[in-house]
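Enquirer: Have a look at the structure that comes next, please.
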Amino acid sequence: MALFVYMIYCSVLYRNYHICGMKINGARVSIKSFIGLLMLGVFAAGFALSVTSCKGPDKSEDSSEVDETTGIESIDKLTKVILAGTDDAEVYFDRSVAYAEVEAYDNAIVDMYNAMKLDSLQPRYYVHLTDVFMSYYRSKQALQTLRLATERFPQNLDILLKYAELSLTLMQNQQAVQTLNKILEQDNQNAQAYFLMGLLMQSEGDFKRAKAAFKKVVEIDPEVVDAYLLLGELYEEDDPALAEQYLKNAMTVAPDEVNSLHSMAFFQQNHDNVPGALELYRQINVLQPSYSPAFLNAGILYIEIGELEPALEQFEILVGLEPANHLGYFYRGLTYKRMGRKEQAIVDFENALKFKEDYKKARLELLDLQNKE
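According to my numbering, the sequence shown is numbered sequentially starting from 12.
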């Protein structure tokens, strides 16, 4: 389920990218604030469309045949079948999937309308059309499509889950709750429904109910790593011992999963176990050498304990992996500054500002060095 995975991925991004420089920055982004920013980010990406009137998919596109040759074998082969004459909805569906893979979304939409004219009783057609609309930044039509699907397939849990996910993503929380309750009425052991309910409760700041929902998830399915990770986040301030146990559970289920290791490293660095955190970041670097947040966080920890050469090594790798990452230049510049390598520090602070012009910390560090000339 694409959106289900997307929400989990975004929760992981929260952990990975907002922990860097935790002690240096002296502030932490709350779960509630993060989810609010996530939802706003969805709209900023182009999803900010009215969803007040939903009567079914908007079929304003031309639903005539798409008959051009593309040079893509998988598409052109299906086009030949269609031009020869076919009433097989699957052919249109398959070509829509192929078009979507190459981001030819208009054609993908036209093909789905033609497929659904021939056969409107295939739930996966609605799911695919929804995914195309979301990829095309057309959330109104996506929500319309799924709402129609829930009316036609009221007992289909996959459709209901998809609708709940999309409603949550678009901040239609009341609709999401109603849909999740319908799911749980049909299946009170549905782990995905409880997971989404937990995310929804987080977004509304109801952390008690969020905890209860995620606990239910792992009770039903002890293999859901992300539920353990989120429970670790939720309990970290109130009950660090319990939080650590949840994170250990995640590592037990997925010992080589980078997200599990990173969450535990985050916990250890927040609780002053720097050697333990550094060891976990080292393990991440071995497992996934391209995972840049581990290099960033490890480098910051080395700065904090005064080990500048290892810190510099981490930031060198980070800049090599992500040449446009302003944080890599900033913290390498900070390391150079503390090493007394003023000219190199100035270049790095300038590079940080090149990639993020409003980065105040880099500007202040740069001014400080320039004033000392």
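Where is the CB? At the ideal position from N, CA and C, for every residue including glycine.
Assuming contact is defined by CB atoms lying nearer than 9 Å, are V138 and D99 in contact in what I supplied?
Expert: No, Cβ-Cβ distance for V138 and D99 is not below 9 Å.
Enquirer: Whole alpha helix (DSSP H) runs in the region 120-174 with 4 or more residues, listed along the chain?
Expert: Listed in chain order, the complete alpha helix (DSSP H) runs (minimum 4 residues) inside the region 120-174 are 134-146, 150-163.
Enquirer: Could you round the C-beta distance between M123 and S107 to whole angstroms and report it? I think they count as a contact, below 8 Å.
Expert: That pair is a contact at about 5 Å.
Enquirer: My output table needs one value for Q183: the three-state DSSP class, helix, strand or coil.
Expert: In the structure shown, Q183 sits in coil (DSSP, three-state: anything other than H, G, I, E or B).
Enquirer: My parser needs the alpha helix (DSSP H) runs of 4 or more residues fully inside the region 307-357; what are they?
Expert: Here the runs fully enclosed are 319-332, 337-349.
Enquirer: Roughly how many angstroms separate the alpha carbons of D249 and Y205, rounded to a whole number?
Expert: Straight-line Cα distance between these residues: approximately 22 Å.
Enquirer: I'd like the list of long-range same chain contacts for S301, defined as Cβ closer than 7 Å, with 5 residues on each side in sequence excluded.
Expert: Once the five neighbours on either side are set aside, the close Cβ partners of S301 are L332.
Enquirer: Going by Cα to Cα distance, which pick from F164, D198, M212 is closest to N184?
Expert: Measuring from the Cα of N184, the nearest candidate turns out to be M212.
Enquirer: Among the candidates L195, Y174, L242, whose CA atom is the shortest distance from the CA of L157?
Expert: With distances taken between Cα atoms, L157 lies closest to Y174.
Enquirer: What do you reckon, are the CB atoms on A261 and V236 nearer than 9 Å?
Expert: Yes, the Cβ-Cβ distance between A261 and V236 is below 9 Å.
Enquirer: Please identify the residue among A254, E215, K383 whose C-alpha is closest to the C-alpha of K226.
Expert: The residue with the shortest Cα to Cα distance from K226 is A254.
Enquirer: Can you tell me whether R343 is buried or exposed? The criterion is at least 16 other CB atoms within 10 Å of its CB, across all chains shown.
Expert: Label assigned to R343: buried.
Enquirer: Suppose the cutoff is 7 Å on Cβ atoms and the five residues either side in sequence are ignored; what does the same chain contact list for E356 look like?
Expert: A small fix is needed here, since residue 356 is Ala in this sequence, not Glu. Excluding sequence neighbours, A356 sits near G344, Y347, K348, L380.
Enquirer: In this structure, does DSSP put A204 in helix, strand or coil?
Expert: Helix, per DSSP.
Enquirer: Could you have a look at G216 and say whether DSSP puts it in helix, strand or coil?
Expert: In the structure shown, G216 sits in coil (DSSP, three-state: anything other than H, G, I, E or B).
Enquirer: Measuring alpha carbon to alpha carbon, tell me which residue in G96, E318, F144 is nearest D117.
Expert: It is F144 whose Cα lies nearest to the Cα of D117.
Enquirer: If you follow the alpha helix (DSSP H) that G287 is in, where does it begin and where does it stop?
Expert: Taken as a continuous stretch (DSSP letters only), the alpha helix (DSSP H) holding G287 covers 285-298.
Enquirer: Residue range of the alpha helix (DSSP H) that H282 falls in?
Expert: That residue, H282, is in no alpha helix (DSSP H); it is neither H nor E in DSSP.
Enquirer: Going by Cα to Cα distance, which pick from E234, L181, G243 is closest to S214?
Expert: The shortest C-alpha separation from S214 is found at L181.
Enquirer: Would you give the residue range spanned by the alpha helix (DSSP H) that A115 belongs to?
Expert: Where A115 is concerned, there is no enclosing alpha helix (DSSP H), given that its DSSP letter is neither H nor E.
Enquirer: Please classify G310: is it buried, with 16 or more other beta-carbons within 10 angstroms of its beta-carbon, or exposed?
Expert: Answer is buried; the Cβ neighbour count reaches 16.
Enquirer: Less than 8 Å between the CB atoms is what I'm expecting for I328 and F360, so what's the real figure, rounded?
Expert: About 19 Å separates the two Cβ atoms, so there is no contact after all.
Enquirer: For a quick check, are the C-beta atoms of L207 and E176 less than 9 Å apart?
Expert: A contact, by the Cβ cut-off of 9 Å.
Enquirer: Just the Cα atoms here: how many angstroms apart are K222 and E234?
Expert: Cα to Cα, the separation comes out at about 17 Å.
Enquirer: Whole angstroms are fine: how far does the CA of L291 sit from the CA of A238?
Expert: Computed Cα separation, rounded: 20 Å.
Enquirer: Starting from T90 and walking both ways along the alpha helix (DSSP H), at which residues does that stretch end?
Expert: Element bounds for T90: 84-95.
Enquirer: Which of the three DSSP states, helix, strand or coil, is assigned to K383?
Expert: Coil, per DSSP.
Enquirer: Please name the residue in Q197, P334, G339, I316 whose C-alpha comes closest to that of F326.
Expert: Nearest option by C-alpha distance: G339.
Enquirer: Report the residue from I194, A363, K259 whose alpha carbon sits nearest the alpha carbon of A335.
Expert: Selected option, being the one with the closest Cα: A363.
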